[in-house]
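Trainee: Dumping the structure here so I can ask a few things about it.
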Amino acid sequence: MKIKNGLFVKIGIILVIAGLYIFIEPVQITVKRLVFMFSMVDVPTMKNYILSFGIWAPVVSFFLMVFQSVAAPLPAFLITFANAALFGWVKGAILSWTSAMAGAALCYWIARFYGRSLAERLVSRFALDEVDIFFQKHGKYAIFIARLLPFVSFDVVSYGAGLTSIGFWEFFLATGLGQLPATLIYSYVGDMLVGSVKTLVSGLLIIFALSALLFAVKKSMREKNRLPGPQQAGGENSAN
Amino acid sequence: MGSYQKAIFIAVTFLIVAAAIAGCAKNDKIPVVEKEIDLSGYKNADIFITPQELHDRLGQEDILIFDANKPTDYPKGHIPGAVSLGWQSFCDTSGKIGDANWGVTLPKEELKEVLESYGIDNNQTIVFYSDVLNGPGADGRYVWQLRKADLDNAKLLYGGLELWKALGYDTDTEPVQPVPATGLVLKDYDEGYNATKDYVAQNLGQTKIIDARTLKEYEGDTSRGEARGGHIPDAIHLEWKELLNKDATPKTAEEIIAIMKDKGITPEDDFVLY
Numbered sequence: 007m008k009i010k011n012g013l014f015v016k017i018g019i020i021l022v023i024a025g026l027y028i029f030i031e032p033v034q035i036t037v038k039r040l041v042f043m044f045s046m047v048d049v050p051t052m053k054n055y056i057l058s059f060g061i062w063a064p065v066v067s068f069f070l071m072v073f074q075s076v077a078a079p080l081p082a083f084l085i086t087f088a089n090a091a092l093f094g095w096v097k098g099a100i101l102s103w104t105s106a107m108a109g110a111a112l113c114y115w116i117a118r119f120y121g122r123s124l125a126e127r128l129v130s131r132f133a134l135d136e137v138d139i140f141f142q143k144h145g146k147y148a149i150f151i152a153r154l155l156p157f158v159s160f161d162v163v164s165y166g167a168g169l170t171s172i173g174f175w176e177f178f179l180a181t182g183l184g185q186l187p188a189t190l191i192y193s194y195v196g197d198m199l200v201g202s203v204k205t206l207v208s209g210l211l212i213i214f215a216l217s218a219l220l221f222a223v224k225k226s227m228r229e230k231n232r233l234p235g236p237q238q239a240g241g242e243n244s245a246n
Numbered sequence: 047m048g049s050y051q052k053a054i055f056i057a058v059t060f061l062i063v064a065a066a067i068a069g070c071a072k073n074d075k076i077p078v079v080e081k082e083i084d085l086s087g088y089k090n091a092d093i094f095i096t097p098q099e100l101h102d103r104l105g106q107e108d109i110l111i112f113d114a115n116k117p118t119d120y121p122k123g124h125i126p127g128a129v130s131l132g133w134q135s136f137c138d139t140s141g142k143i144g145d146a147n148w149g150v151t152l153p154k155e156e157l158k159e160v161l162e163s164y165g166i167d168n169n170q171t172i173v174f175y176s177d178v179l180n181g182p183g184a185d186g187r188y189v190w191q192l193r194k195a196d197l198d199n200a201k202l203l204y205g206g207l208e209l210w211k212a213l214g215y216d217t218d219t220e221p222v223q224p225v226p227a228t229g230l231v232l233k234d235y236d237e238g239y240n241a242t243k244d245y246v247a248q249n250l251g252q253t254k255i256i257d258a259r260t261l262k263e264y265e266g267d268t269s270r271g272e273a274r275g276g277h278i279p280d281a282i283h284l285e286w287k288e289l290l291n292k293d294a295t296p297k298t299a300e301e302i303i304a305i306m307k308d309k310g311i312t313p314e315d316d317f318v319l320y
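Pasting the structure below:
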């Protein structure tokens, strides 16, 4: 009976969201426009959009960040840049960091609650498999490392983590710390020169350097305690 | 081996090596089409620059190249020296997407600043290109925007990136930064390039209107978040792709005139496109 109730809730939530999208036209139009806007990958456009909500701009920015987290392929750095340009780099960074945390937590819970099949639909099976391998390889540190590496998808990692045995608070902490350097650098760069690819590239390079350093440290640590290594942890990961 | 045989052996070896070198050298150049492109059939042929001419002028200081593909496609390969623009760089995107006039050309003074930040002045040849067959034709839009402001040196790459690649010309993956310029002079926009909403509404039923979008969009698709689906009353459907060949080059003037005639439009007609 308990399982049945759970199933009802699961299906119910999906139906409500699908219903909102299908039957309430403004919702559908807004979502389509947001996807189109994200696909432009243009910081000024994102900035203008957020700005147009006036006093509600920070709130809209927050929800945009959560939205892009759930819809995994949309790029988050657009919002981070726009936030920095609109609210200054310190406030912008705080806003970006908090909203990204909320988004990550939501992804984690979606994956935990609905399991692999839905997560696969929201990201892609291939991406999720890659993240699995990454988790198996790096065990506990996986999330922290993944957050530091600029080329690992933030959102896919969140979904992936929800499918493993990693506890929520452990996930939350690793995410919070891991995304801090990238958020700070992006915000600082975004505040100085919006849209300049040159500074973006150097920012990316800095992050990359930091991550590479950490990677090396981690690797040497693993080699030191080879015996209790993470190989055994591999089997238990395919939750669901 | 006698000395006679030796001499033949050496000669043959030499020939093979020479042939191989010649073969390689040829491969480096142009494998497919080498024939010159003939633009003489087009009335306004000066909007085009041929890939051959662009290739010859690559690296010269009097030419600027802009990539109008999606910014995410640009790093996968662009013409050497080309700067990425996306589609909206010369547009006003203040306010919300979907607001009235969101995405129209920037006013003259603002456009001047943006163009200067991309290194555009009145002396440059400015080339725009995209993967033509992918749409949505942002390269053509840029040429239109600049010519509207009297920059008649704005040109569209004939056959786009597709023909460029088919000719075996190089592409590059490194991003290119624009070098800002100063002193650009723009004229007031030639309003003959535009039809405003009011103009279209007033002339409904008199002016011919062509809907160049896909048939799905013409018939009401709203997958890009259009507030309402459908088309302007009496608009004729002629998808943009119908005027292109499979290799991304435009059809000949005669072919285009014939296609337009089928739709009830002659070169003398006044018509509005969207």
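So the protein sequences, as listed, match chains A and B.
With this note's numbering applied, the first sequence covers 7 to 246.
With this note's numbering applied, the second sequence covers 47 to 320.
A virtual CB, placed ideally from N, CA and C, is assigned to each residue, including glycine.
Against chain A, with Cβ distances strictly below 8 Å, would B:Lys262 count as a contact?
Mentor: Start at 1 with the first residue of the second sequence, and residue 262 of chain B comes out as number 216. No, B:Lys262 lies away from the interface with chain A (no Cβ there is under 8 Å from its Cβ).
Trainee: Can the beta-carbon of B:Leu290 be found less than 8 Å from the beta-carbon of B:Val173?
Mentor: Residue numbering aside, residue 290 of chain B sits at position 244 when the second sequence is read from its first letter. Residue numbering aside, residue 173 of chain B sits at position 127 when the second sequence is read from its first letter. No.
Trainee: Quick one: Cα of B:Leu250 to Cα of B:Tyr175, how far?
Mentor: In the second sequence, counting from the first residue as 1, residue 250 of chain B sits at position 204. In the second sequence, counting from the first residue as 1, residue 175 of chain B sits at position 129. Approximately 34 Å between the Cα atoms of the pair.
Trainee: Considering only C-alpha positions, which residue in the set A:Arg39, A:Leu134, A:Ser105, A:Glu176 is nearest to A:Met71?
Mentor: The sequence position of residue 71 of chain A within the first sequence is 65, counting from 1. Ranking the options by Cα distance to A:Met71, first place goes to A:Ser105.
Trainee: Pick helix, strand or coil for B:Ser130, following the three-state DSSP scheme.
Mentor: For the purposes of this step, residue 130 of chain B is taken as the residue at position 84 of the second sequence. In the structure shown, B:Ser130 sits in a strand (DSSP, three-state: E or B).
Trainee: Mind pulling the chain A residues with CB within less than 7 Å of B:Thr118?
Mentor: In the second sequence, counting from the first residue as 1, residue 118 of chain B sits at position 72. Going along chain A in sequence order, the residues near B:Thr118 (Cβ under 7 Å) are Val47.
Trainee: List the residues of chain A that B:Ile93 touches, going by C-beta distances under 9 Å, in chain order.
Mentor: For the purposes of this step, residue 93 of chain B is taken as residue 47 along the second sequence, with counting starting at 1. Those do not exist, as B:Ile93 stays about 26 Å from chain A at its closest Cβ, beyond 9 Å.
Trainee: For a minimum of 3 consecutive residues, which ranges assigned as the beta strand (DSSP E) are wholly contained in the region 191 to 238 of chain B?
Mentor: 200 to 203
Trainee: Would you say the region 110 to 127 of chain A touches the region 63 to 77 of chain A, given that touching needs at least three Cβ pairs under 8 Å?
Mentor: yes
Trainee: List the endpoints of the continuous beta strand (DSSP E) containing B:Tyr245.
Mentor: In the second sequence, residue 245 of chain B corresponds to position 199, counting from 1. Here B:Tyr245 belongs to no beta strand (DSSP E); instead the alpha helix (DSSP H) covers 243 to 248.
Trainee: Give the list of continuous alpha helix (DSSP H) stretches no shorter than 4 residues that lie fully inside the region 105 to 161 of chain A.
Mentor: 122 to 128, 131 to 144, 148 to 154
Trainee: Apart from the five residues on each side of it in sequence, which residues of its chain come closer than 8 Å, Cβ to Cβ, to B:Ile302?
Mentor: Counting from 1 along the second sequence, the entry for residue 302 of chain B is found at position 256. Around B:Ile302: Leu289, Pro296.
Trainee: Name the one or two DSSP bridge partners that B:Val318 has.
Mentor: Taking the first residue of the second sequence as position 1, residue 318 of chain B is located at position 272. In DSSP, B:Val318 forms a bridge with B:Ile255.
Trainee: With a threshold of 7 Å (Cβ to nearest heavy atom), would A:Phe14 be considered close to the ligand HEM?
Mentor: Because no ligand of any kind appears in the structure shown, any question about the ligand HEM cannot be addressed here.
Trainee: Tell me whether B:Tyr120 is buried or exposed, calling it buried when 16 or more other Cβ atoms sit within 10 Å of its Cβ.
Mentor: Counted from its first residue, the second sequence places residue 120 of chain B at position 74. Buried, by the Cβ-count rule.
Trainee: Do we get a CB-CB distance below 8 Å when we pair B:Lys142 with the residues of chain C?
Mentor: Structure shown: chain C not included; protein chains present are A and B.
Trainee: What are the boundary residues of the alpha helix (DSSP H) that includes B:Asp102?
Mentor: Taking the first residue of the second sequence as 1, we reach residue 102 of chain B at position 56. Residues 97 to 103.
Trainee: What's the C-alpha gap between A:Phe150 and A:Leu183?
Mentor: Here the question's residue 150 of chain A lines up with position 144 in the first sequence. Here the question's residue 183 of chain A lines up with position 177 in the first sequence. Taking the straight line joining both Cα atoms gives about 7 Å.
Trainee: Taking all protein chains shown into account, decide if B:Leu319 is buried (16 or more other Cβ within 10 angstroms of its Cβ) or exposed.
Mentor: Stepping through the second sequence from its first residue, residue 319 of chain B is reached at position 273. Result: exposed.
Trainee: With 16 as the cutoff for other CB atoms within 10 Å, does B:Gly205 come out buried or exposed?
Mentor: Sequence index remark: in the second sequence, residue 205 of chain B carries index 159 (1-based). The residue in question, B:Gly205, is buried, as its Cβ has 16 or more Cβ neighbours within 10 Å.
Trainee: Please report whether the beta-carbon of B:Gly251 lies at a distance below 8 Å from any beta-carbon of chain A.
Mentor: Your numbering for residue 251 of chain B matches position 205 in the second sequence. With 8 Å as the cut-off, B:Gly251 does not count as an interface residue toward chain A.
Trainee: Find the residues of chain A that neighbour B:Gln248, judging by a C-beta separation of less than 9 Å, and give them in chain order.
Mentor: Within the second sequence, numbered from 1, the residue matching residue 248 of chain B stands at position 202. Going along chain A, no residue has its Cβ under 9 Å from B:Gln248, so there is no contact; the nearest lies around 28 Å.
Trainee: Please state whether the Cβ-Cβ distance between B:Phe136 and B:Leu157 is less than 8 Å.
Mentor: As a first step, residue 136 of chain B is located in the second sequence; it is residue number 90 there, counting from the start. As a first step, residue 157 of chain B is located in the second sequence; it is residue number 111 there, counting from the start. Yes, they are a contact pair.
Trainee: Identify, in the order they occur along the chain, each residue of the same chain with its Cβ nearer than 6 Å to the Cβ of B:Tyr164, setting aside the five sequence neighbours on each side.
Mentor: As a first step, residue 164 of chain B is located in the second sequence; it is residue number 118 there, counting from the start. Here the set comprises Pro224.
Trainee: How about B:Trp148 and B:Lys142: do their beta carbons lie closer than 8 Å?
Mentor: The residue labelled residue 148 of chain B in the question sits at position 102 within the second sequence. The residue labelled residue 142 of chain B in the question sits at position 96 within the second sequence. A contact, by the Cβ cut-off of 8 Å.
Trainee: B:Gly214 and A:Lys38 - do their beta-carbons sit closer together than 8 Å?
Mentor: The residue labelled residue 38 of chain A in the question sits at position 32 within the first sequence. The residue labelled residue 214 of chain B in the question sits at position 168 within the second sequence. In this structure, B:Gly214 does not lie closer than 8 Å to A:Lys38 by Cβ.
Trainee: Less than 8 Å between the beta carbons of A:Ala88 and A:Val49, yes or no?
Mentor: Walking along the first sequence from the start, residue 88 of chain A turns up at place 82. Walking along the first sequence from the start, residue 49 of chain A turns up at place 43. Against a cut-off of 8 Å, the Cβ pair of A:Val49 and A:Ala88 comes out as a contact.
Trainee: Is the CB-CB distance between A:Thr189 and A:Trp95 below 8 Å?
Mentor: Taking the first sequence and counting its residues from 1, the one referred to as residue 189 of chain A is at position 183. Taking the first sequence and counting its residues from 1, the one referred to as residue 95 of chain A is at position 89. Result no, Cβ atoms of A:Thr189 and A:Trp95 do not sit closer than 8 Å.
Trainee: Is it buried or exposed for A:Gly109, if we count other Cβ within 10 angstroms and need 16 for buried?
Mentor: The residue given as residue 109 of chain A occupies position 103 in the first sequence. Around the beta carbon of A:Gly109, 16 or more other beta carbons sit within 10 angstroms, so the residue counts as buried.
Trainee: Can you give the Cα-Cα distance for B:Thr139 and B:Thr118, rounded to whole angstroms?
Mentor: Translated into the one-based positions of the second sequence, residue 139 of chain B becomes position 93. Translated into the one-based positions of the second sequence, residue 118 of chain B becomes position 72. Looking at the two C-alpha atoms, the distance is approximately 19 Å.
Trainee: Pairing CB atoms from the region 257 to 274 of chain B with CB atoms from the region 225 to 234 of chain B, are three or more of them under 8 Å?
Mentor: no
Trainee: Please confirm if A:Ile35 has its CB atom under 8 Å from at least one CB of chain B.
Mentor: The count along the first sequence starts at 1 and reaches residue 35 of chain A at position 29. So yes, A:Ile35 belongs to the interface.
Trainee: Does any residue of chain B have a CB that is nearer than 8 Å to the CB of A:Thr86?
Mentor: Stepping through the first sequence from its first residue, residue 86 of chain A is reached at position 80. It does not: the Cβ of A:Thr86 has no partner Cβ on chain B nearer than 8 Å.
Trainee: Counting beta carbon pairs with one atom in the region 235 to 247 of chain B and one in the region 176 to 186 of chain B, are three or more of them shorter than 8 Å?
Mentor: No contact exists between the region 176 to 186 of chain B and the region 235 to 247 of chain B.
Trainee: What would DSSP say about B:Asp185, mapped onto helix, strand or coil?
Mentor: To locate residue 185 of chain B, count along the second sequence from 1; it is residue 139. Three-state DSSP puts B:Asp185 in a helix.
Trainee: Output needed for B:Tyr264: all residues of its chain with C-beta closer than 6 Å, excluding positions within five of it in sequence on either side, in chain order.
Mentor: For the purposes of this step, residue 264 of chain B is taken as residue 218 along the second sequence, with counting starting at 1. Here the set comprises Asp257, His277, His283.
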